[in-house]
Each structure stands twice: as structure tokens, then as C-alpha cells.
Amino acid sequence: MWEIFLLSVITVFGIGSQYFTNIAYSLNQGLIQSSFDLDSKYLIVPAVLTNFAFAFGVPFGHLFTHRLSFKKNYILFITIFLIASILCASTNNIYLLSIGKCIQGLSTGVLFFTTLPQAWHVFPKKYKNVFLFMVIVGLFGANALGGVSGSFSIETQQWRWLFFINIASAILCIIIALFALKDDHHVERKHYPYDLPEVIVLTLFAGTLAATSAMLPVLGASSPWFIVFSIVSFLLFILFIVFNVRAKHPIIHFQTLLEPKPMTGAFMAISSHLTLVIALAGINIFLLRILKMPPEDVLYFYLFFLFGVILSGSIKMLTYSAVGAGVLGVLGSIAMLYVSLHWRIIGIDISKNALYIHALLLGFGISITLVSGAMATLLDGPLEKASHRSNTMHTIRNYMGAILIACIAWFISRDLQAHLPKTFHSKLEAMKIIHETALNTVHHVFNIMIVFNVIMLIASIVQMFLGKGRRIVAKKTKG
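In numbering that gives the first Met the number 0, the protein residues as written are 0 to 478.
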């Protein structure tokens, strides 16, 4: 049990640090903008690039684990994360901050599919449901704590200490890994074949797509640079698919998702992730820019998000094997749909208590649906291909999330510019019109959120009719 606890700690702190920093960074963009004296549109670039770096690292977790062994691979990439965190905490240059966050994203992307499979295998069969609780509360809780810490940093007008937390968590993980982990208790070094040409093309595609997405909110969709890079990205994607289909040992196993239950589970997980991306983008603008909510109230908002995550983890731990992914996904999707429909018409007259309830439902609905879909993808199919299915789904999920972050940033900027008049008669009129336009833009963002929310719900209903699927904990036998 001690080994399980330590592995859970290094999993949550190793991967959760990235989620923590991402949310805190999004809340502190105004503060960081003042520190670097930049136009606000450039601040989205580090966020976009770090998410692409994370997505790129995910499919390589298995490869490095089998090549280096679990312990060596973990120590290597958590050390890389530590170095990147030190760079982010100490730099006064936006380019170095972007590089540091990219390295953070890449290292935690590799760690994502290094630690989670190990934690899954180490948990005894009768305690696999506790694994679900650990994943939900640990990783989604890191998002919530990022919001709490981000709110606190707004109040203190200091943001670098957020990276100091990254440094501390990385040092803790290194100490635990060095002294508590033994390679013979985890995956040993062994040959893990892969096709080098496919990996090279994937690297080129990921780099080009990341650059393209970073250009979108800065230069706009009509920029010649964006158009050229978009075409190159598309051609590289086609080339990657060709290499992937021909590869004897593909790095991403798309074909493993072609069965009904894994594919439906993937739709549940991916649409949940995209819904969360849009929800946080829209609600952070509403809370900070439109409602101008005090930092302590934003802190309470994310605390209620955390309460929803804990509720989700508890329900899932106790009921997943009994009711299956579909039922829990429907429950989470309905909770989210309630939030989406209310946010579609949200106004400045909304009460804080209503927002806190929405935050709780957001944390509950997203986490229970996403993890239900992820578990259906993992378990419902040939077990020998389970890791390939899960790896592929999480890779797709994170790439699509990274693209959506750039698209939403561009959409918000374009929508604001399209509806703002060129001139104003007075400062008071300007402030009123800007405020109304920003609120309309947030409503438009939440319209998009509803679309992904409906996909969540439909996929969950389909999953429910496909059956409960494989249990995570074996059914107790009488006698």
C-alpha cells in the first residue's frame, strides 16, 4: 500500500503541476502582460505552445518507459520539468517564458503516459475503483487548485511564485523517485519497436501545426503566413496518416478506436475536454473582465469546482462497475447542459451563489464524463490493445484541445472587433458599449460550448445503450 501511495503522489504532482500552471496562467494573463509590457494577444502564444508540446509528448510515454525503465524515465522527465520551471520563474523575457512552458508541456506529456499506466497496474484489482478517485480528484483537482492559486496571485499581484510551486513539486517527486522507486517493481527495459520515419513526420507535423495555431490569434485567419502554414500542416498531416497506415509499429494506433464502445468512449472524453476548454475560457473572461469579481470570490468559484470534482470522484469510485460509463456520462452531461444553458444567457445580475453552484456542476459534470469515456476506451475492447486505445484517445484529445485554445482566442478577438464601433461619442458610452459587446461575445462562446456539450450527451446515451461494458472491479461471488 505504501508503494501505491507514493506512486499516486508522483503521478498527481508530476502531471497535475502542468494542469495547475495552465489554469493559473490563464487567470494571470493581465498581470503577466504588465510584467512583460506586451500586447495581450501575444500572451496566448505560450499557452498554445505548451498544450501542443504536452500533446506531442503523450504518445512517447510508453516508448521511453520501455526503453529506459519506468524509474529512469520518470526521473529524466521530471528533472527536465524542474529545469523548465526554474527558467519560467526567473525569466523576464516572453520568448524564454514560452520556451520554458513548452519544455514543461513536453515533459509532462511524456510523464502522462508514463505514470498513469503504472499506477493502473500497481493498484490491486479490488482497489481499481480507488484509482479512478485518485485520477479524478488528483488531476482535475489540480485544475481547481490552479484556479484557487491564480485567484490568490491576482490579489497579491505576484505570479512567479506559481512556478516556485512547480519547482517544489518537481523536487519532491525526484526525491520520492530516487529513494522509493525500484525498477524491478515496474516496467523493465525491453525492446519497444517504432517506425522512425513516422516519428519524424509526426514531429514535423506537430511543430508546424503548433506554429500555425500560435499565429491564428496573433495574425488572424487572413494572414498569408497563417494560410501558408495551414496548407503545410494539412499536407504533413496527410503524409503522417500515410506513414501511420503503412507502419508496422505505429506510434499512434488509430485503428484500435474503430470498435463501437471504444470509439463512443473517445467521443465522450474528447468532447468533455473541449467543453472544459471553452467553459474556462468564457467564464474567466466573464468573472474577471465583465463582472470584475474580486479575487477572493474567484477563489471560492474554483473551490466549488474542486468540490464538484471530489463529488464526481466519490460517485465514480462507488458506482462505475455497477452502472457503467454510459449512465455516469449521461449524468455528467446533463449537469453540464444545465450550466451551458444558463451561461448562454448569463448577465451581470447573476448571484455569486448561482455561480458557485455552476462551478460545482462544472467540476462534477466534466470530470465524471471525461473519465467515464476514458475508462470505456481503455476497458471495452481487446485487453491486449487497451494501452494503445487509451494512448491514441488521449493524444487526439490533447491535440484537439490545443487547437481549440487558439481558435477560441482568435474567435473572441474577432468577435469583439467585429461588433465594436470605430468611434465613440464619450468615454462613458465607450465603456458601456465595450461592456455589452464583451458580454455578447461571451454568450457566443457559450453557444459553442453547448454544441460540444450536446456531443457529450449523445455519445453518453449511445454508450449507455451499448451496455455497461467491462467492470473495473470484479463482481463478488457468493459462497
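Beta carbons: idealized from backbone N, C-alpha and C, even for Gly. The structure displayed is predicted, hence computed values, not measured ones.
{"Check": "Identity of the residue in 281, 204 and 175 nearest residue 11 by Cα", "Outcome": "175"}
{"Check": "DSSP three-state assignment for residue 350, whether helix, strand or coil", "Outcome": "coil"}
{"Check": "Start-to-end residues for the alpha helix (DSSP H) that takes in residue 214", "Outcome": "195-218"}
{"Check": "Cut-off 7 Å between Cβ atoms - residues of its own chain near residue 1, not counting five sequence neighbours on either side", "Outcome": "none"}
{"Check": "Element boundaries [alpha helix (DSSP H), containing residue 285]", "Outcome": "Segment: none, residue 285 is in no alpha helix (DSSP H) and carries neither H nor E."}
{"Check": "Minimum C-alpha distance to residue 44 - residue among 211, 204 and 399", "Outcome": "211"}
{"Check": "Boundaries (first-last residue) of the alpha helix (DSSP H) holding residue 90", "Outcome": "Here residue 90 belongs to no alpha helix (DSSP H), and DSSP marks it neither H nor E."}
{"Check": "Straight-line gap, residue 357 to residue 395 (C-alpha atoms, nearest Å)", "Outcome": "28 Å"}
{"Check": "Closest residue to residue 147 among 337, 26, 137 and 383 (Cα-Cα distance)", "Outcome": "26"}
{"Check": "Option nearest residue 73 by Cα separation, candidates 310, 364, 455 and 13", "Outcome": "13"}
{"Check": "Among 284, 393, 278 and 378, the one whose alpha carbon lies nearest that of residue 337", "Outcome": "278"}
{"Check": "Segment limits, alpha helix (DSSP H) that includes residue 19", "Outcome": "1-26"}
{"Check": "Residue 364 vs residue 320 beta-carbon contact at 8 Å", "Outcome": "no"}
{"Check": "Helix, strand or coil at residue 267 [DSSP, three-state]", "Outcome": "helix"}
{"Check": "Three-way DSSP call (helix, strand, coil) for residue 103 in this model", "Outcome": "helix"}
{"Check": "Backbone CA spacing between residue 456 and residue 328 [nearest angstrom]", "Outcome": "7 Å"}
{"Check": "Residue burial classification, residue 381 (beta-carbon count within 10 angstroms, cutoff 16)", "Outcome": "exposed"}
{"Check": "Sequence ranges, alpha helix (DSSP H) only - wholly within the region 102-149, length at least 4", "Outcome": "127-134"}
{"Check": "DSSP state of residue 188 mapped onto helix, strand, coil", "Outcome": "Bear in mind that a pLDDT of 48 at residue 188, under 50, signals an unreliable position, so the model cannot answer this."}
{"Check": "Three-way DSSP call (helix, strand, coil) for residue 448 in this model", "Outcome": "helix"}
{"Check": "Residue 265 beta carbon less than 8 Å from that of residue 392", "Outcome": "yes"}
{"Check": "Inter-residue spacing [alpha-carbon to alpha-carbon] between residue 57 and residue 122", "Outcome": "22 Å"}
{"Check": "Contact set for residue 412: own chain, Cβ-Cβ below 7 Å, skip 5 residues either direction", "Outcome": "40 and 216"}
{"Check": "Range of the contiguous alpha helix (DSSP H) that encloses residue 301", "Outcome": "294-343"}
{"Check": "Three-state class that DSSP yields for residue 413 in the structure shown", "Outcome": "helix"}
{"Check": "Cβ separation of residue 52 and residue 15, assumed to be a contact under 8 Å, to the nearest whole Å", "Outcome": "The pair is not a contact, with the Cβ atoms about 17 Å apart (cut-off 8 Å)."}
{"Check": "Distance, residue 359 Cα to residue 383 Cα", "Outcome": "37 Å"}
{"Check": "Cβ-Cβ separation, residue 388 to residue 256 (assumed contact under 8 Å), whole Å", "Outcome": "6 Å"}
{"Check": "Of the listed residues 440, 441, 199 and 366, nearest to residue 140 (C-alpha basis)", "Outcome": "366"}
{"Check": "Between the CA atoms of residue 410 and residue 450 - distance to the nearest angstrom", "Outcome": "15 Å"}
{"Check": "6 Å CB neighbourhood of residue 311 in its chain, flanking five on each side removed", "Outcome": "135, 363, 366 and 367"}
{"Check": "8 Å contact criterion, which residue 270 and residue 454 should meet: CB distance rounded", "Outcome": "4 Å"}
{"Check": "Cβ neighbours of residue 459 in the same chain (closer than 7 Å, five flanking residues each side left out)", "Outcome": "267, 325, 328, 329, 332 and 368"}
{"Check": "Inter-residue Cα distance where the pair is residue 154 and residue 19", "Outcome": "18 Å"}
{"Check": "Three CB pairs or more closer than 8 Å across the region 77-86 and the region 162-169", "Outcome": "yes"}
{"Check": "Limits of the unbroken alpha helix (DSSP H) element including residue 65", "Outcome": "60-67"}
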